[in-house]
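Residue numbers (our numbering), protein chains in the order written: chain A, 158 to 424; chain B, 158 to 424.
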């Protein structure tokens, strides 16, 4: 159990990590850099030099300042530490937005205390937005100042804005069917968000995010941001979302219940 | 035919119009404002007070400084002037991004000389990006400075990044079929861009944009930005795109020809 003082210090250290990542990623954004293909899951899932080098920069800082902490990152895998605390990082979540020049990608940094992510950060250095969640407080920090994040009051599907990165992430016909049904029941559906849509859910402008095929590093940083803004994030069956897979985030318990009722039928 | 001096002056005036629109729109962005429903074309096409008030602010400035010019705007319709020059404006293109808190909407301002749009501006005040096209020059202006826009060198569909606002804009089965075919042939497809994807085509990070159901004010501002960055924008049959409808924009003649070969079969 981390103390409030430790939370403060570690949140400040997460800022240092995000700053270090931004120094690597930002010069490559819209620079026409070469990309290469990593996984076969999606048709095109590029990893850039920026992605790998940003994670290396983050890992070097953690190893220097918290040598006992474990690290779990997208690019360079898992290192177990002697402490129960470990960092879960995705240097560029939304690589397809990144290579398309769309500023909806983010650097994701979570500190997991061995039971769950307790500090989460999503940094978008091009727009200058940093979303930070920690026990009792979610904030958006920009060059204009700090503002508290609070989810919307939306309780009904037919009044909800639904976000999803790409329907291609749904692998089974049942998944695709429930997503189509959900899409037809909401007020508005938006694609292409990656981490940015979870951040907007915390900010109150998107009400529901439904995804599948997530990795732990795709979601762990977003969990403290959503929960400490008053939102709910679980698996499609209402379980712990920290290992990724099928994830649903909702602004209110009523909206979450309505979404789960539909989503669980696909599993 | 406008002189280079007139182009300079009118481009500066377009800056004034974009600044005036931003003062109206920006305070409403992510503010949780009420929205209402305007058209039946899409399931949900909201128009905000910001949209209407920003257009009113633009119209007032044009009437004051160029009383002979005509005005064609999304919100308040068409006013014919005594000059052949007229302004084509969409105060918030991408209202669905706007209400979702996604900073991919833009204020679109075009000056049409009676034959075609010759000055085009797309302003995104939240990210602080202003894309400007005029004879011989397309630029992106940010708080960090000015940079020249140049399209990519992509010549083949299988190496192209394709942008589209929402496949729901395709109304016929033939349109949907060719778009699915095109999507399967490109390297990567992105949704949710509105005007922002045309701007990124001019910036060289998106190679192809394919859309339908456009209004003149959805595309006129983007035409000078794309063309003066070296790109091509036409109807799906290769004709003049300024009246909207079916529009294709491409980085190179080769890519444009490949896209047209497929798209024209849908009409």
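The beta-carbon is built from N, C-alpha and C at its ideal position, and this holds for glycine as well.
Nearest-angstrom Cα separation, counted from residue j out to residue i
i: residue 297 of chain B; j: residue 361 of chain A; result: 30 Å
i: residue 301 of chain A; j: residue 300 of chain B; result: 14 Å
i: residue 288 of chain B; j: residue 240 of chain A; result: 50 Å
i: residue 253 of chain A; j: residue 345 of chain B; result: 8 Å
i: residue 179 of chain A; j: residue 405 of chain A; result: 28 Å
i: residue 369 of chain A; j: residue 413 of chain A; result: 16 Å
i: residue 237 of chain B; j: residue 215 of chain B; result: 16 Å
i: residue 390 of chain B; j: residue 181 of chain A; result: 35 Å
i: residue 163 of chain B; j: residue 293 of chain B; result: 14 Å
i: residue 192 of chain A; j: residue 332 of chain B; result: Low confidence applies to residue 192 of chain A: its pLDDT is 46, below 50, so where it sits in the model is not reliable, and the reading given next is rough at best. Distance between the alpha carbons of residue 192 of chain A and residue 332 of chain B is about 31 Å.
i: residue 235 of chain A; j: residue 261 of chain A; result: 26 Å
i: residue 159 of chain A; j: residue 219 of chain A; result: 17 Å
i: residue 409 of chain A; j: residue 308 of chain B; result: 44 Å
i: residue 175 of chain A; j: residue 227 of chain B; result: 49 Å
i: residue 209 of chain B; j: residue 325 of chain B; result: 25 Å
i: residue 213 of chain A; j: residue 231 of chain A; result: 11 Å
i: residue 206 of chain A; j: residue 233 of chain A; result: 13 Å
i: residue 188 of chain A; j: residue 224 of chain A; result: 34 Å
i: residue 388 of chain A; j: residue 407 of chain A; result: 6 Å
i: residue 320 of chain B; j: residue 183 of chain A; result: 22 Å
i: residue 295 of chain A; j: residue 351 of chain B; result: 30 Å
i: residue 285 of chain A; j: residue 177 of chain A; result: 14 Å
i: residue 415 of chain A; j: residue 395 of chain A; result: 12 Å
Beta strand (DSSP E) segment containing residue i, residue limits
i: residue 389 of chain B; result: 389-392
i: residue 269 of chain A; result: 263-269
i: residue 278 of chain A; result: 274-281
i: residue 241 of chain A; result: That residue, residue 241 of chain A, is in no beta strand (DSSP E); it is neither H nor E in DSSP.
i: residue 327 of chain B; result: Segment: none, residue 327 of chain B is in no beta strand (DSSP E) and carries neither H nor E.
i: residue 314 of chain B; result: Note, residue 314 of chain B: premise wrong, no beta strand (DSSP E); not H, not E.
i: residue 346 of chain B; result: 345-348
i: residue 286 of chain A; result: 286-291
i: residue 296 of chain A; result: 294-299
i: residue 402 of chain B; result: 402-407
i: residue 303 of chain A; result: 302-305
i: residue 187 of chain B; result: Unbroken run through residue 187 of chain B: none, as it is neither H nor E.
i: residue 236 of chain A; result: 234-236
i: residue 318 of chain B; result: 318-321
i: residue 228 of chain B; result: 227-230
Residue from the options with nearest C-alpha to residue i
i: residue 246 of chain A; options: A:211, A:288, A:390, A:363; result: A:211
i: residue 411 of chain A; options: A:370, A:350, A:317, A:332; result: A:317
i: residue 266 of chain A; options: A:366, A:407, A:423, A:373; result: A:373
i: residue 171 of chain A; options: A:402, A:305, A:222, A:206; result: A:222
i: residue 186 of chain B; options: B:238, B:320, B:255, B:326; result: B:255
i: residue 403 of chain A; options: A:329, A:312, A:264; result: A:329
i: residue 340 of chain B; options: B:396, B:225, B:208, B:367; result: B:367
i: residue 169 of chain B; options: B:311, B:262, B:291; result: B:291
i: residue 423 of chain B; options: B:398, B:408, B:393, B:415; result: B:393
i: residue 400 of chain A; options: A:335, A:375, A:165; result: A:375
i: residue 306 of chain A; options: A:379, A:336, A:315; result: A:379
i: residue 249 of chain A; options: A:264, A:243, A:242; result: A:264
i: residue 347 of chain B; options: A:407, A:165, A:257, A:396; result: A:257
i: residue 229 of chain B; options: B:364, B:270, B:359; result: B:270
i: residue 243 of chain B; options: B:207, B:377, B:325; result: B:377
i: residue 371 of chain B; options: B:395, B:225, B:343, B:327; result: B:327
i: residue 323 of chain A; options: A:173, A:388, A:337; result: A:337
i: residue 280 of chain B; options: B:166, B:165, B:173; result: B:173
i: residue 364 of chain A; options: A:342, A:312, A:351; result: A:312
i: residue 268 of chain A; options: A:167, A:398, A:161, A:415; result: A:167
i: residue 342 of chain B; options: B:335, B:349, B:314; result: B:314
Alpha helix (DSSP H) segment containing residue i, residue limits
i: residue 174 of chain A; result: 161-182
i: residue 215 of chain B; result: 206-222
i: residue 414 of chain B; result: 410-420
i: residue 383 of chain A; result: 379-384
i: residue 253 of chain A; result: 252-257
i: residue 360 of chain A; result: 352-360
i: residue 376 of chain A; result: 373-376
Residue i beta carbon near the ligand FMN (any heavy atom closer than 8 Å)
i: residue 235 of chain A; result: As far as ligands go, the structure on display features none, and thus does not contain the ligand FMN.
Within-9 Å CB hit, residue i to chain C
i: residue 254 of chain A; result: Here the protein chains are A and B, and chain C is not one of them.
_Residues within the segment 359-386 of chain A neighbouring chain B, beta-carbon criterion of under 9 Å_ = Residues 360, 361, 362, 363.
*Can you find at least 3 beta carbon pairs, one from the segment 274-291 of chain B and one from the segment 411-423 of chain A, that sit closer than 8 Å?*
no
*Identify each residue in the segment 274-305 of chain B for which the Cβ-Cβ distance to at least one residue of chain A is less than 8 Å, and report them in chain order.*
283, 284
*What residues in the segment 167-179 of chain A bring their beta carbon closer than 9 Å to a beta carbon of chain B?*
none
*Touch test, the segment 355-371 of chain B against the segment 379-389 of chain B, Cβ-Cβ under 8 Å, three pairs minimum*: yes
*Select from the segment 305-331 of chain A all residues with a C-beta closer than 7 Å to any C-beta belonging to chain B, and list them in chain order.*
318
*Scan the segment 337-358 of chain A for residues whose Cβ lies nearer than 7 Å to a Cβ of chain B and list them as they occur along the chain.*
344, 345, 347, 348, 349, 357
*Compile a chain-ordered list of the residues in the segment 234-249 of chain A whose CB is closer than 8 Å to at least one CB of chain B.*
none
_Interface positions of the segment 256-273 of chain B facing chain A (Cβ-Cβ less than 8 Å), listed along the chain_ = 256, 257, 258, 259, 260, 261
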